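Q: Per this note's numbering: the sequence shown = residues -13 to 401.
Even glycine gets a Cβ: it sits at the ideal position worked out from N, Cα and C.
None of the values given here were measured: they were computed from a predicted structure.
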Amino acid sequence: MERASVKPWRQTFLANGIIFASGLASGVLAARLLGAEDRGHLAAITYWPHFVAGVAAMGINEAITIRTARSGTTRTLRATTLGLSLALAIVVVAVGVPILPLLLGPTRQASLTFTQIYFAIFVPLTFIAMNFLAVEQGEFNYRNFNLQRIIQAATYPLLLAGLWLADWLTIRSAAVAVLSGTALVALIRLWQVRPGLNVRPSLREARELLAQGARLHAANLVMFLAMQIDKMALVLLSSDLQLGLYVVASTAATAAQSLVVQTYNNVMLPAAAKAGGGPESAAAIASTLRRLVTLLFGMTVLMVVALPLLLPAVFGADFSAAVPYAQVLAVAFAFLGLKNVLIYLFRAWEINRPAIAADGLASLMLLAGAYPVVRTWSALGMAILVLVAQGTSTAFLLWRFMKYARISIRQLARN
């Protein structure tokens, strides 16, 4: 646990602050420059490539982080990382591109060819960027890790602003801007590790990473679904206008919480993996967890109070209808943030069943309720369903963590 010192916490918090600001800036620019309906169409175009890539990632990046944190990195590991990334991308593109006509829906077929091209380019680039960044994280090289994450996040709003100034901003050029940050990081990582790529990948190491990634992937998959079913339902069942309002509400609601949660996870995943599992390790982490919860829910109360003024002022008066969505989602995302922290801690100790059970519960609730609530109450109904599902599943997972750490809720509060 000595690795989780003040310096990486500060570096990572600063980096996540810049990433948070970049994400907020891109959300504001896209909303103001495109409007609610075109913003929804952009979300629909980029949603499925990002969703399928997330589903197919196989937990390899986290397996690489844990493997590197425990055993160090080698030239063979870097070559194996590249080989695995490309092999997986080929399979995902071959399967994903043909099913995009069904996923995109009949009203968006004019954007089908562009979406297929976007998909075929995005998937290999994101696997390369994600998996090589995992090597940096596992080496505790937070300077490079955070710098490249900043580059990836900042590229999109900078390009959006440039496209607008040049009068070239369209839905498709905005999608290219989304892709560009990932492409830039992938190219940087390939350039930096190129001396280590002149060796043959290790089939044995690839199998070990796949095996460990597969164990993580079940938890990854249900967690990813629990976080994506709301957007998936709106892409499939609602209009571009409602989707655009919901995307802006999500951006506004999750901004502050994501900064805190991402910082905690970035630092604690490799540190907890190195420390190993057991009730003693879990109990030692409980004090940091208590401080996180206090900060997280304090920020949420402030967000709920401020959103009626902030959201229209920042995103524009056209998005005033998104305020109640954002208020409900702010509370939901506070629960989701705590749940994700607990999942990553369990995962660092290679304990996956509690995470699978918690996110499986959330996914089932969202799947069961998505169609009736979207058809009856549109995006607001979806936001309320997300709150109920995430709150219930977080309570379950917190109970499992306390049971594992052998502490009571009173001990957790006083730790």
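For the putative contact between LEU28 and ALA161, defined by C-beta atoms under 8 angstroms, what is the C-beta separation to the nearest angstrom?
A: For the purposes of this step, residue 28 is taken as the residue at position 42 of the sequence shown. For the purposes of this step, residue 161 is taken as the residue at position 175 of the sequence shown. Confirmed, Cβ separation roughly 6 angstroms.
Q: Measuring alpha carbon to alpha carbon, tell me which of ARG201, ALA30 and VAL279 ends up nearest ARG158.
A: For the purposes of this step, residue 158 is identified with residue 172 of the sequence shown, where counting begins at 1. The residue with the shortest Cα to Cα distance from ARG158 is ALA30.
Q: Cβ of ILE393 less than 8 angstroms from any chain D Cβ?
A: Here there is only one protein chain, and chain D is not present.
Q: When the Cα atoms are used, what is the spatial distance from SER394 to LEU86?
A: Locating residue 394 in the sequence shown gives position 408, counting from the first residue. Locating residue 86 in the sequence shown gives position 100, counting from the first residue. So the alpha carbons of these two residues sit roughly 48 angstroms apart.
Q: To the nearest angstrom, how far is the alpha carbon of SER8 from that of SER273?
A: Counted from its first residue, the sequence shown places residue 8 at position 22. Counted from its first residue, the sequence shown places residue 273 at position 287. So the two alpha carbons sit approximately 31 angstroms from each other.
Q: Determine the closest residue to LEU398 out of VAL41, ARG129 and LEU275, with distance taken between C-alpha atoms.
A: As a working mapping, residue 398 is identified with position 412 in the sequence shown. Relative to the Cα of LEU398, the nearest Cα in the group VAL41, ARG129 and LEU275 belongs to LEU275.
Q: Between MET(-13) and LEU278, what straight-line distance do the alpha-carbon atoms span, to the nearest angstrom?
A: By 1-based counting over the sequence shown, the position of residue -13 is 1. By 1-based counting over the sequence shown, the position of residue 278 is 292. Residue confidence is low: MET(-13) scores 42 on pLDDT, short of 50, so the model does not pin down where it sits. No coordinate-derived value is stated.
Q: Do the CB positions of ASN338 and PHE332 come within less than 8 angstroms of each other?
A: Taking the first residue of the sequence shown as position 1, residue 338 is located at position 352. Taking the first residue of the sequence shown as position 1, residue 332 is located at position 346. Yes, these two residues count as a Cβ contact at 8 angstroms.
Q: Here's the rule I'm using: 16 or more other beta-carbon atoms within 10 Å means buried, otherwise exposed. How should VAL314 be labelled?
A: Locating residue 314 in the sequence shown gives position 328, where the first residue counts as 1. VAL314 comes out buried.
Q: Could you give the DSSP three-state label for SER349: helix, strand or coil?
A: Counting from 1 along the sequence shown, the entry for residue 349 is found at position 363. Helix, per DSSP.
Q: When the distance is taken between beta carbons, is TYR33 closer than 8 angstroms to VAL221?
A: By 1-based counting over the sequence shown, the position of residue 221 is 235. By 1-based counting over the sequence shown, the position of residue 33 is 47. Their beta carbons are under 8 angstroms apart, which means VAL221 touches TYR33 by this criterion.
Q: Under a three-way DSSP split, which group does ILE215 fall into?
A: Here residue 215 refers to the residue found at position 229 when the sequence shown is read from its first residue. It is helical.
Q: Near PRO298, which residues of its chain fall below 8 angstroms by C-beta distance, leaving aside the five closest residues on each side in sequence?
A: Your numbering for residue 298 matches position 312 in the sequence shown. These residues qualify, in order along the chain: PHE305, SER306 and VAL309.
Q: Entirely within the segment 295 to 366 and at least 4 residues each: give me those alpha helix (DSSP H) ranges in chain order.
A: 309 to 334
Q: What do you get for ALA96, buried or exposed, if any count of 16 or more other CB atoms within 10 angstroms of its CB means buried?
A: Looking up residue 96 in the sequence shown gives position 110. With fewer than 16 Cβ atoms within 10 Å of its Cβ, ALA96 is classed as exposed.
Q: Measure the beta-carbon distance from SER349 to LEU211 and round it to whole angstroms, keeping in mind my assumption that it falls under 8 angstroms.
A: Stepping through the sequence shown from its first residue, residue 349 is reached at position 363. Stepping through the sequence shown from its first residue, residue 211 is reached at position 225. Confirmed, Cβ separation roughly 5 angstroms.
Q: Using a Cβ-Cβ cut-off of 8 angstroms (strictly less than) and excluding sequence neighbours within five positions of SER166, which residues of its own chain qualify?
A: As a working mapping, residue 166 is identified with position 180 in the sequence shown. THR141, TYR142 and LEU145.
Q: Mark ILE76 as exposed unless 16 or more other C-beta atoms lie within 10 angstroms of its C-beta, in which case mark it buried.
A: As a working mapping, residue 76 is identified with position 90 in the sequence shown. Residue environment analysis places ILE76 among the exposed positions, since fewer than 16 neighbouring C-beta atoms fall within 10 angstroms of its C-beta.
Q: Taking the continuous alpha helix (DSSP H) assigned at TRP150, which residues delimit it?
A: Position 164 of the sequence shown, counted from the first residue, corresponds to residue 150. First-last of the alpha helix (DSSP H) with TRP150: 128 to 151.
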